[in-house]
Amino acid sequence: MSNPDTSFRAPPDTPVAMPRVRSFVGELPLLAFVLAACAGLIVFFTGNSFAQNLLATTFLFAALSTSWNIIGGLGGQFSLGHSVFFAFGAYIAARMHLDLGLSPWLALLPAALVAAAFAMLVSWPVFRLRGPFFAIATMAMTEVVLALAMYFSSITGGAQGLSIPFKAGLHNMIFRDRMSYAILMLCFLAVTLIVMAAVTRSRLGYQLRAVHDNEDTAEAAGIDVLRTKLVGMGISAALTAMGGVFFLMYVRVVDPPSLFSLFDIGVKIALIALIGGIGTIYGPLLGALLVVPLEGMLRAELGGMMPGSNLIVLGFILVLTAMYLRKGIAGTGTDLFARIRGGR
Amino acid sequence: MTGFLEIRNASRHFGGLKAVDNVSFAVEKGEIVSLIGPNGAGKTTLFNLLTGQLAPTHGSVSFMGRDIGPLRPHQRARLGFGRTFQISKTLVSMSVLENAMIGAFLNDRALPDAARHAAAALERVGLAGVAGKRSGDLTLGERRRLEVARALAMQPHLLLLDEVMAGLNQTEVQEIIALVHQLNTEGVTLIVIEHNLKVVRAFSRRVLVLNRGQLLAEGTADAVLTDPAVVEAYIGGGASS
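This is how it looks when you write it as structure tokens:
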């Protein structure tokens with residue numbers, strides 16, 4: 001129908017059928033299906049608290065990685081410093097909860113806004129750097145903010161960290177059963193996927209991809225490159241900070257080294273997106289579904305005997321992806337699908 | 001006087017190299033001006049000064065009576081500058097249609113509008129049949145036409161074409177010449193960097209010759225192409241001083 005290969009049959013003066021451009025609304029059926037499938041996993045493992053824990057962690061990391069994907073994948077700005085925005089969210093929620101007795105639900109919006117503002121402010125100078133230099137600068141930022149977090153112990157609890165008292169209730173975002181956390185994280189994942197789909201199928205999404213592909217072309221086409229990157233970073237950081245709030249209430253004990261961890265947060269969410277398919281809507285979810293449960297099971301099975309074995313496995317998956325699935329799971333799948341349909 | 005586009009005493013140095021050296025000229029609305037010169041004469045650098053990709057070391061650029069020196073390329077694009085790149089800078093992760101949409105988004109907010117204008121631009125350069133292809137799979141000639149389509153989708157007032165004919169076959173060249181004349185009658189002003197002198201004759205009432213960063217000659221195609229200094233620059237190459 002809209003296959004361009006058949007267009008030569010049309011007489012020259014009739015308009016050629018153009019390929020359809022998918023809209024946000026066009027994404028919704030698939031989005032609903034994917035979320036329903038994830039909910040199905042939660043239902044399937046009812047009563048298995050180990051599995052529910054894994055699902056909660058998987059959905060959290062899928063959501064973080066999806067948030068990262070907005071600027072890291074679509075915009076091509078390979079940030080390794082997203083743990084900073086994550087930690088911002090956790091600390092804002094912690095302070096509001098511990099000092100003012102406020103519900104963490106009320107912390108979501110301030111966390112998102114503060115993290116977005118901070119992200120845009122620090123990215124302003126750093127966005128002048130391209131490629132690996134940008135990535136290195138974001139790593140440096142992580143280390144600087146970590147050092148500051150250790151110093152300002154009145155906010156962060158310093159090296160001892162913070163703990164949130166266990167007072168179960170939806171209002172406090174604290175639950176006795178693990179399944180509720182899995183549902184909570186799935187809801188967060190749903191929010192990030194909806195935002196990612198909306199951005200991808202919008203002018204902003206196209207402009208971010210243009211900036212990713214070639215900044216000179218983007219500029220010549222009238223795109224304000226710096227502004228586009230800043231907006232993408234702001235949205236990405238805001239969602240990541242919300243993830244920090246959920247993480248805090250899930251683990252209830254946080255200290256700066258674990259929140260700002262380059263490997264466990266900053267690099268990991270980028271790697272998950274890379275493995276799943278950078279810049280695609282569902283890539284990070286696929287990556288998280290592959291990596292997080294595997295890692296969790298290995299940690300449970302081998303963690304005591306071989307500390308760090310989960311890192312070896314993660315590295316191994318990454319190497320395999322780099323060798324055989326250059327565009328990640330989702331990217332390669334899409335290409336394959338297009339090839340089959342295009343008959344080439 | 002306030003020309004449509006005016007560049008005054010513009011220079012651009014790269015270290016000790018004067019890529020563009022004290023060049024002044026004006027382009028009137030509705031003109032097609034050709035810019036020719038041997039390799040390394042500074043043609044593309046001059047384009048970059050006009051579009052804002054590079055800032056001049058000295059000199060000024062004005063557009064419709066306004067000094068546009070401080071404006072970045074994207075701001076000039078909003079004033080109506082469209083350009084193609086000599087080394088085609090196709091957005092390889094996108095389809096052909098999406099590449100053209102990037103230009104259309106200058107004026108359109110909604111996806112369907114951008115897609116419609118992009119499709120119309122592809123139609124004009126003869127790429128409608130490959131709209132769904134990945135742009136990375138295009139031939140060199142198709143990529144150049146895609147550059148033109150992206151610029152057209154911006155609906156520019158001023159279009160700067162940097163060697164769009166290179167690598168195109170005879171039929172394609174004729175098509176682009178026809179397209180350029182068509183755009184011109186629609187009110188688009190064009191500045192064209194071109195090596196093919198036949199094409200230059202077909203295009204322009206006015207030709208600018210650049211050599212070693214300086215404006216060597218200016219005039220009608222016939223006058224300029226028979227100018228001994230121009231012939232010397234082209235054929236004599238580096239032998240003369």
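Residue numbers (my numbering), protein chains in the order written: chain S, 1 to 344; chain A, 1 to 241.
We treat Cβ as the ideally placed atom computed from N, Cα and C, and that holds for glycine.
Within 10 angstroms of its Cβ, does Gly-265 (chain S) collect 16 or more other Cβ (buried), or is it exposed? The amino acid occupying residue 265 (chain S) in the given sequence is Ile; Gly does not appear at that position. Here Ile-265 (chain S) is buried, its C-beta having at least 16 other C-beta atoms within 10 Å.
For Ser-135 (chain A) versus Met-101 (chain A), is the C-beta spacing smaller than 7 Å? Not in contact: Ser-135 (chain A) and Met-101 (chain A) (Cβ atoms no closer than 7 Å).
C-alpha distance - Val-291 (chain S) paired with Val-313 (chain S), whole-angstrom precision: One alpha carbon belongs to Val-291 (chain S), the other to Val-313 (chain S), and they sit about 9 Å apart.
Quick one: using the 10 Å Cβ neighbour count with 16 as the cut-off for buried, is Ala-300 (chain S) buried or exposed? The residue is exposed, with fewer than 16 neighbouring Cβ atoms inside 10 Å.
Taking CB distances under 7 Å as the criterion, tell me whether Phe-63 (chain A) reaches chain S. No - not a single Cβ of chain S is within 7 Å of the one on Phe-63 (chain A).
Pick helix, strand or coil for Thr-58 (chain S), following the three-state DSSP scheme. Thr-58 (chain S): helix per DSSP, three-state reduction.
Let me know the secondary structure DSSP gives Ala-288 (chain S) once reduced to three states. Helix, per DSSP.
When DSSP labels each residue in this structure, what does Ser-241 (chain A) get in the three-state scheme? Caution is warranted here: a pLDDT of 39 is assigned to Ser-241 (chain A), below 50, making its placement in the model unreliable, and no coordinate value can be reported.
Taking CB distances under 7 Å as the criterion, tell me whether Asn-396 (chain S) reaches chain A. Because chain S spans 1 through 344 in this model, residue 396 (chain S) falls outside it and cannot be assessed.
Output the distance between the C-alpha atoms of Phe-25 (chain A) and Leu-122 (chain A), rounded to the nearest integer angstrom. Computed Cα separation, rounded: 32 Å.
Given Gly-59 (chain A) as reference, the closest of A:Ala-202, A:Arg-201, A:Asn-22, A:Thr-84 once Cα atoms are compared: Just measuring C-alpha positions, the residue of A:Ala-202, A:Arg-201, A:Asn-22, A:Thr-84 sitting nearest Gly-59 (chain A) is A:Asn-22.
Under DSSP, the alpha helix (DSSP H) around Leu-49 (chain A) begins and ends at which residues? Note, Leu-49 (chain A): alpha helix (DSSP H), 43-51.
Residues sharing a beta bridge with Gln-214 (chain A), DSSP: BP columns for Gln-214 (chain A) point to A:Asn-211.
So the beta strand (DSSP E) Thr-189 (chain A) belongs to, where does it begin and stop? First-last of the beta strand (DSSP E) with Thr-189 (chain A): 189-193.
Alpha-carbon to alpha-carbon, Glu-218 (chain A) and Glu-28 (chain A): One C-alpha to the other measures close to 14 Å.
Quick check: the Cα distance between Ala-56 (chain S) and Ala-94 (chain S), rounded to an integer number of angstroms? Approximately 20 Å between the Cα atoms of the pair.
Mind listing the chain S neighbours of Gly-69 (chain A)? Cutoff is C-beta to C-beta under 8 Å, in chain order. Neighbourhood of Gly-69 (chain A) in chain S, by CB distance below 8 Å: empty, with the nearest CB roughly 16 Å away.
Give me whichever residues DSSP pairs with Val-33 (chain A) in a beta bridge. Answer is A:Ile-191, A:Arg-206, bridged to Val-33 (chain A).
Out of curiosity, what's the CA-to-CA distance linking Val-145 (chain S) and Val-84 (chain S)? The C-alpha of Val-145 (chain S) lies about 7 Å from the C-alpha of Val-84 (chain S).
According to DSSP, is Phe-85 (chain A) part of a helix, a strand, or is it coil? In this structure, DSSP gives Phe-85 (chain A) a state outside helix and strand, which the three-state scheme calls coil.
Output the distance between the C-alpha atoms of Ala-212 (chain S) and Glu-31 (chain A), rounded to the nearest integer angstrom. Here residue 212 (chain S) turns out to be His, not Ala, going by the sequence shown. Between His-212 (chain S) and Glu-31 (chain A), the alpha-carbon positions lie close to 35 Å from each other.
For Ile-329 (chain S) and Val-199 (chain A), the rounded distance between their alpha carbons: If I take the Cα positions, the gap works out to 48 Å.
Can you tell me where the alpha helix (DSSP H) with Glu-6 (chain A) in it begins and where it stops? Glu-6 (chain A) -> not in any alpha helix (DSSP H); beta strand (DSSP E) instead, spanning 5-14.
Per the DSSP calculation, Gly-169 (chain S) is bridged to which residue(s)? Residue pairing of Gly-169 (chain S) in beta bridges, as defined by DSSP: S:Ile-174.
Ala-19 (chain A), buried or exposed, once every other Cβ within 10 Å from all chains shown has been counted against 16: Ala-19 (chain A) should be labelled buried.
Mind checking if Ile-7 (chain A) is an interface residue toward chain S, Cβ cutoff 7 Å exclusive? It does not: the Cβ of Ile-7 (chain A) has no partner Cβ on chain S nearer than 7 Å.
Alpha carbon to alpha carbon, how far is Leu-54 (chain S) from Ile-272 (chain S)? Distance between the alpha carbons of Leu-54 (chain S) and Ile-272 (chain S): 15 Å.
Comparing the C-beta of His-181 (chain A) with each C-beta of chain S, is any distance below 7 Å? False, the Cβ-Cβ gap to chain S never drops below 7 Å.
Starting from the C-beta of Leu-108 (chain S), find all residues in its chain whose C-beta is less than 6 Å away, skip the five residues before and the five after it, and write them out in chain order. Result list for Leu-108 (chain S): Met-242, Val-245, in chain order.
Using a Cβ cut-off of 7 Å, pull out every chain S residue sitting near Gln-53 (chain A), in sequence order please. The answer, in chain order, is Asp-216.
Can you list, in chain order, the residues of its chain whose CB lies under 7 Å from that of Ala-77 (chain A), leaving out five sequence neighbours each side? Contacts found: Leu-106, Met-154.
Please check if any C-beta of chain S sits within less than 7 Å of the C-beta of Ala-115 (chain A). Residue contact check for Ala-115 (chain A) against chain S: a CB pair falls below 7 Å.
Pick helix, strand or coil for His-58 (chain A), following the three-state DSSP scheme. His-58 (chain A) falls in the strand class under three-state DSSP.
Looking only at C-alpha atoms, which of A:Ile-235, A:Leu-49, A:Thr-226 sits nearest to Arg-8 (chain A)? Residue A:Leu-49 holds the alpha-carbon nearest to the alpha-carbon of Arg-8 (chain A) among A:Ile-235, A:Leu-49, A:Thr-226.
Contact between the stretch 137-152 of chain A and the stretch 164-176 of chain A is defined here as three or more beta-carbon pairs at a separation below 8 Å; is this criterion met? Short answer: they touch.
N- and C-terminal bounds of the beta strand (DSSP E) containing Asn-169 (chain A): No beta strand (DSSP E) contains Asn-169 (chain A), which DSSP labels as neither H nor E.
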